[in-house]
Amino acid sequence: MFDVESLPMPTAEQATGGRESLQTDPPRILTLPAELLSIIVEAVAECDPPRFPVSPFDRENITGFFDEYLRARLWEPVVQGGSLGWIKLTHVCRMWREHISESMPLLWSQLIGYFYQRGALDVMLRRAGDVVPLSITCGPNDVSVRMTNSSWWLLDDLVSDLGSPADCQIYRSRIQSIRVINLSPHHPSISRDPPPSIFSTFAQLRVVEVHCLYLRSRDLDEDRFIDDTLMITSPNLREARFTNYILPWATTELTHLSLVLDEDEFPGGLLISIFHLIARTIEVLEIDSCLPINYFKEPRPVFSFPRLHQLHIRDRDEWVNPFMQVFYNASVTKLNFTLKSSSLWPDQAGPAIRSALRLLRYDVDRPLQFLAVTEESCAAGLNLSRDYVRLTLAQEGPSPGWSAHTACFDLSLAIENQRHFRNKYHECVTEMLNVAADTISNIWNNIVDLELNLPLWKHFTVVQCLINKLSNLRCIRLSDPMDPESLLTQATKTILFPQGIFGPFIPRLDKLWIVQSGEWTPDVYKLVLRALAEALASAISLVNNNYRADVLIGRFHIVRLRLDIVQQSGEVQSAWEPKEDLMAMFGMVAEKVELRFL
426 MFDVESLPMP TAEQATGGRE SLQTDPPRIL TLPAELLSII VEAVAECDPP
476 RFPVSPFDRE NITGFFDEYL RARLWEPVVQ GGSLGWIKLT HVCRMWREHI
526 SESMPLLWSQ LIGYFYQRGA LDVMLRRAGD VVPLSITCGP NDVSVRMTNS
576 SWWLLDDLVS DLGSPADCQI YRSRIQSIRV INLSPHHPSI SRDPPPSIFS
626 TFAQLRVVEV HCLYLRSRDL DEDRFIDDTL MITSPNLREA RFTNYILPWA
676 TTELTHLSLV LDEDEFPGGL LISIFHLIAR TIEVLEIDSC LPINYFKEPR
726 PVFSFPRLHQ LHIRDRDEWV NPFMQVFYNA SVTKLNFTLK SSSLWPDQAG
776 PAIRSALRLL RYDVDRPLQF LAVTEESCAA GLNLSRDYVR LTLAQEGPSP
826 GWSAHTACFD LSLAIENQRH FRNKYHECVT EMLNVAADTI SNIWNNIVDL
876 ELNLPLWKHF TVVQCLINKL SNLRCIRLSD PMDPESLLTQ ATKTILFPQG
926 IFGPFIPRLD KLWIVQSGEW TPDVYKLVLR ALAEALASAI SLVNNNYRAD
976 VLIGRFHIVR LRLDIVQQSG EVQSAWEPKE DLMAMFGMVA EKVELRFL
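Quick note: the sequence shown, position 392, residue 817 per our numbering, numbers continuous.
Here it is in C-alpha cells:
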C-alpha cells in the first residue's frame, strides 16, 4: 500500500515548470495490469482484515468468555481484527482514491457494514458499483451508534432508506451474504430477531451467519422453526451458521450448516427436523455443544447424508456416543471430533471415538503421513482452564500459515482435559490412541512427519505416550524442551527427550527440528546449546547400549539437525562465539547442523 510520501521528490525544474509531468506519472504499482493489481490489493486486505469499532466493554467481555475453544475460533477475531480502517481505505492519497477506492467494486462489496462513519454506507454502496454481489455485515457496535437494540439495523436501512423503492430492490437483489454479530448482553424485553418477513426481500441470498455472544434459551424454541415471519425464503440459500441462535429456512438445498451453543441444547425433535431438511444435500456439518442430554439414548431416525464430506462434532462424551447413531452408513473425508469428557469417560469416550472414526473414508493408498500435536485449553470450572492436546492428521505436511482450525487436515481428534482427570490426562490420550489404532489399520505406523506445536517440558508424559505409537518417523519438530522461564536452571540439569525418538524402530531421522524460546544473552546461548548437545548424545548413546544398531555403523543418527533459538521479547542478540563453534557441539549427533537466532 503506497502513500503520498512514497512518491519521488521533484527536482527544482519539476517544481517550477514540470509540475504537470509529476502529476501525470503514476507510481509503478499503478502501471501493473488491473488483474494483477487487484490480486495484490486482495492479498493485502486478507492479511490486514477490517477492524470493527468494538467498545472496551465488549472487548473485556470477550476476554472473559467462558468457552475458550469458541472464543479463540470465533470471538477473538471479531474484537481484535486488523488495522484496515476507513481512513486507510479512503484517504491515503488522490491516486489511491482514484485507482483503488473508486475502481475496485469487488473490494468494497465485501466491506459493507464494517465502518460506521457518517455517509460510509452510501459511499461503500456507490463504490461497489451496480453489478457485483454484495456481502453485508451488521457489526457489534450498532447499539452505541444507532441507539437501538436491533442487530439488523443495516439490513433495515437497505430495505427502507436507500432512495426509491426501485433503488432499494436493486440493492436487495444483489445481496448474497449476510453476517450479523451481536455482543449485546441478555435482556428479556429486547428481541434479537430481524424485522418480520425481512428475508422475503433477499431473493439471491446464499449465505447467512448470526453469531450472538450471549445465549438466550427462548431463541432455541422448537416453534421458531416454523415461524413464517422469521423464515429465510431464498431458494438460493446454501450456507447457514448460527451461534447461540437459530433462524428457520425453507430451502432443501443447504450445503453448509453450523450450529453452535454455549453449553445448552437444541430440542431433539428440532435437530431431527433439521436433518430431514438437509440430509440430501449437506456437505459440511458442524455440531458444537448443542446436543440434548437424553433424547438420542432412544432409537431415532438415521440418515446416510450422501453428499456429506466434512463433519465437525464437539460435545460431552456421554451425549455424543448415542448421537452417533444418526449417521447411519454416512462417510466423510474430513473429520474434526472433540469430546468434552465426563466422569464416565472410561465407558463413553472409546465407543464415541470409534463410532466417529468409522465415518472417515480412509484411503489405504493415500495414508495419513503427517501428524501435528497442538496445545489448546478449555474451561475446567471455577474460572479455571486446563490445557489439552489436539491431534491433527493429514496426508502431507501443511503449507506455511497452517492452523489446526483451517481445513488443511483429514482427521482432528481431541479430548478436553476436565478437572476430574487431575494428573492422569495422559491416560485419556492413550485411550484415544488405542481406539484409533483398533479402528483404522496402521494409522500410527504410517506417520512419518511429526510436528509438536506444544511445550515439550510441560507435556512430556503425553508426548512420550504418543511417540511410543509412532514407529516410522523420519521428521520431527520439537518445541521448548526446556521451560523458557528457567533456562539457566534447567541447563544445569539433565534434559530429557522422549525415548522413542531414538529407539530401535527409528534408527535414523532425516530431520530433527528443535525450537527453544526464552530470554537470551550470549552466555545463556552457550550454556543451553551445550546442554542440548549433551542430552541428544546421551539419548543416542542409551539406544546404542541397549539395542543392536548395525544399520548405524558409520552413519549419523540424525541427517539434518535444525536449532531455532527464539527471543521472546526485545531484540535478537547474536552469540559472542562464532556460529561454527556453537554448531560444532552437535558434530557427533548430526550429519548437518543449522543454527538460527530468531
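All C-beta atoms, glycine included, are put in the ideal place defined by N, C-alpha and C.
Assigned secondary structure, residue i (DSSP; H/G/I helix, E/B strand, else coil)
| i | result |
| --- | --- |
| Lys936 | strand |
| Tyr813 | strand |
| Ser780 | helix |
| Ala962 | helix |
| Val770 | The residue you asked about is not Val; residue 770 is Trp in the sequence shown. Note: Trp770 maps to helix in three-state DSSP. |
| Phe667 | strand |
| Leu1020 | strand |
| Pro619 | coil |
| Gln794 | coil |
| Gly489 | coil |
| Pro825 | Since pLDDT at Pro825 reaches only 47, below the 50 mark, its modelled position is unreliable, and the value read off the structure follows with that caveat. Pro825: coil per DSSP, three-state reduction. |
| Lys849 | coil |
| His884 | coil |
| Ala553 | coil |
| Asn897 | coil |
| Gly693 | helix |
| Asp547 | helix |
| Lys918 | coil |
| Gln594 | helix |
| Arg649 | helix |
| Asp874 | strand |
Residues of its chain near residue i, where Cβ-Cβ distance is below 6 angstroms and the 5 sequence neighbours each way are ignored
| i | result |
| --- | --- |
| Val953 | Leu912 and Ala916 |
| Val635 | Val605, Phe667 and Tyr670 |
| Ala437 | For Ala437, the pLDDT reaches just 41, beneath the cut-off of 50, and the residue's location in the model is therefore unreliable, although a value from the coordinates is still provided. Excluding sequence neighbours, Ala437 sits near nothing in its chain. |
| Val504 | Val479, Arg484 and Ile487 |
| Asp644 | Tyr670 |
| Phe834 | Thr817 and Ala819 |
| Gly822 | Phe795 and Asp874 |
| Pro558 | Arg599 and Gln601 |
| Ala956 | Ala916 and Ile920 |
| Ser924 | Before going on, a small fix: residue 924 reads as Gln here, not Ser. Hits under 6 angstroms: none found. |
Beta-bridge pairing of residue i - partner residues as DSSP gives them
| i | result |
| --- | --- |
| Asp740 | Leu764 |
| His681 | Glu664 and Val709 |
| Gln993 | None, per the DSSP bridge assignment. |
| Trp674 | Ile657 |
| His734 | DSSP, once it has assigned bridges, lists no residue as partnering His734. |
| Gln941 | Ile990 |
Neighbourhood of residue i by C-beta, 8 angstroms cutoff - its chain only, sequence neighbours within 5 removed
| i | result |
| --- | --- |
| Arg631 | Gln601, Ser602, Ser659, Asn661, Leu662, Arg663 and Glu664 |
| Trp744 | Leu716, Pro717, Ile718 and Phe721 |
| Val757 | Leu733, His734, Gln735, Leu736, Leu784, Leu785 and Arg786 |
| Ala962 | Met1013 and Val1014 |
| Asp1006 | none |
Where residue i falls, given that 16 or more other Cβ within 10 Å makes a residue buried
| i | result |
| --- | --- |
| Gly979 | For Gly979, the predicted model reports a pLDDT of 45, less than 50, meaning its position is unreliable; a value from the coordinates is still stated below. Exposed: under 16 other Cβ atoms inside 10 Å. |
| Gln820 | exposed |
| Gly1012 | exposed |
| Ser766 | buried |
| Glu801 | buried |
| Asp713 | buried |
| Ile595 | exposed |
| Ala781 | buried |
| Val789 | exposed |
| Leu461 | exposed |
| Thr626 | buried |
| Phe1037 | Here the chain has residues from 426 to 1023 only, and residue 1037 is not among them. |
Own chain partners of residue i with C-beta closer than 7 angstroms, once the 5 adjacent residues on each side are dropped
| i | result |
| --- | --- |
| Ile464 | none |
| Met549 | Trp533, Leu536 and Ile537 |
| Arg552 | Ser526, Glu527, Pro530 and Trp533 |
| Ala628 | Ser598 and Ser659 |
| Trp500 | Ile487, Phe490 and Leu638 |
| Trp770 | Asp742 and Cys853 |
| Phe700 | Phe728 and Val751 |
* To do: Pair every Cβ in the segment 718-727 with every Cβ in the segment 671-689, then say whether three or more of these pairs are closer than 8 angstroms.
  => Contact between the segment 718-727 and the segment 671-689 is absent: fewer than three C-beta pairs spanning the two stretches fall below 8 angstroms.
* To do: Report yes or no: do three or more beta-carbon pairs, one from the segment 755-774 and one from the segment 723-743, lie closer than 8 angstroms?
  => Counting Cβ pairs under 8 angstroms, three or more are found: they touch.
* Inter-stretch contact at 8 angstroms, needing at least 3 Cβ pairs: the segment 861-870 / the segment 900-907 -> Segment contact: the segment 861-870 against the segment 900-907, fewer than three CB-CB distances shorter than 8 angstroms; contact not assigned.
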